[in-house]
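Each residue of the sequence shown is one higher than the one before, counting from 0 in my numbering. Step one of this worksheet: look at the structure below.
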Amino acid sequence: MKLILETSRLLLRELALEDLDFIAAMLAHPEVMRFWPRCYTRAEAADWIKRQQARYAKDGVGYWLALDKASGQLIGQVGLLIQLVDDQPEIGLGYIIHRPFWRCGFAFEAAKACLDHSVKELRRDRVVALVRPENLPSQGLARKLGLKVEKRTHHADCEHLVFVNPSGRTPAVASGQGLK
């Protein structure tokens with residue numbers, strides 16, 4: 000299980016099948032998945048982990064498991080993934096935090112680290128975040144990260160807003176915001 004990123008409170012590492020109990024519980028939680036088409040079964044959660052592992056091998060990125068450094072508690076998954084947006088490959092930012100850990104700043108901290116990593120280490124000038132129009136909490140996080148709505152698109156059979164980082168910079172750094 001390869002460590003990818005570290006923040007002041009979090010470790011982000013590759014997902015493994017040993018994480019299935021946590022991932023299955025999170026992806027089956029109705030509040031966590033309310034903006035997804037449906038909750039996932041345990042078998043679908045196992046397939047989800049395998050898809051991320053295939054992404055790591057093929058693209059070098061994917062959803063990474065977020066752990067609290069102090070306790071080792073699994074809190075969610077945040078990462079970068081290659082997505083087709085209007086038939087164009089984009090590097091996308093994604094975040095799913097399990098319900099017990101909402102409103103603790105973990106999503107912002109991990110997503111900010113992923114943005115920094117994408118721009119500084121992967122040299123990707125453009126990062127997108129696909130957010131459902133009704134998902135106001137995720138829109139708020141994207142805006143807090145400094146991302147701006149570029150357009151609407153249809154992705155995975157659902158309408159999404161396409162948030163982008165302006166000028167290919169790490170938005171939170173470019174706008175003077177930092178981790179708090």
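Don't be surprised by glycine CBs; every beta carbon is placed ideally from N, CA and C.
DSSP three-state assignment for THR6, whether helix, strand or coil: Looking at THR6 - three-state DSSP - the assignment turns out to be coil, as it is neither helix nor strand.
Quick one: is GLU133 near chain C, going by C-beta distance under 8 Å? Absent from the structure is chain C; it holds one protein chain and no more.
Under 8 Å between C-beta atoms of VAL77 and ALA106: When the beta-carbon positions are compared, VAL77 and ALA106 come within less than 8 Å of each other.
Under a Cβ-count criterion, where at least 16 other Cβ atoms within 10 Å of its own Cβ denotes burial, should CYS113 be classed as buried or exposed? Result: buried.
Between LEU14 and TRP63, is the Cβ-Cβ spacing less than 8 Å? Yes; because the gap between Cβ atoms is below 8 Å, this pair is in contact.
Does MET25 pass the burial test, meaning 16 or more other C-beta atoms within 10 Å, or should it be called exposed? By the beta-carbon neighbour count (other beta carbons within 10 angstroms, threshold 16), MET25 is buried.
Coarse secondary structure for LEU129, derived from DSSP in three states: LEU129: strand per DSSP, three-state reduction.
Per the DSSP calculation, LYS147 is bridged to which residue(s)? In DSSP, LYS147 forms a bridge with VAL163.
Collapsed DSSP secondary structure at PRO36 in the structure displayed: Residue state, collapsed to three classes: coil.
Output needed for GLU158: all residues of its chain with C-beta closer than 8 Å, excluding positions within five of it in sequence on either side, in chain order. Closer than 8 Å at Cβ, skipping near neighbours: ARG131, PRO132, ARG151 and THR152.
In whole angstroms, what separates the C-alpha of LEU121 from that of ALA155? Rounded to whole angstroms, the separation of the alpha carbons of ALA155 and LEU121 is 26 Å.
Coarse secondary structure for PRO88, derived from DSSP in three states: Looking at PRO88 - three-state DSSP - the assignment turns out to be strand.
Are ALA56 and LEU19 closer than 8 Å when you measure CB to CB? Their beta carbons are not under 8 Å apart, which means ALA56 does not touch LEU19 by this criterion.
Closest residue to LEU9 among ILE74, PHE21 and THR40 (Cα-Cα distance): Of the candidates ILE74, PHE21 and THR40, the one whose C-alpha sits nearest the C-alpha of LEU9 is ILE74.
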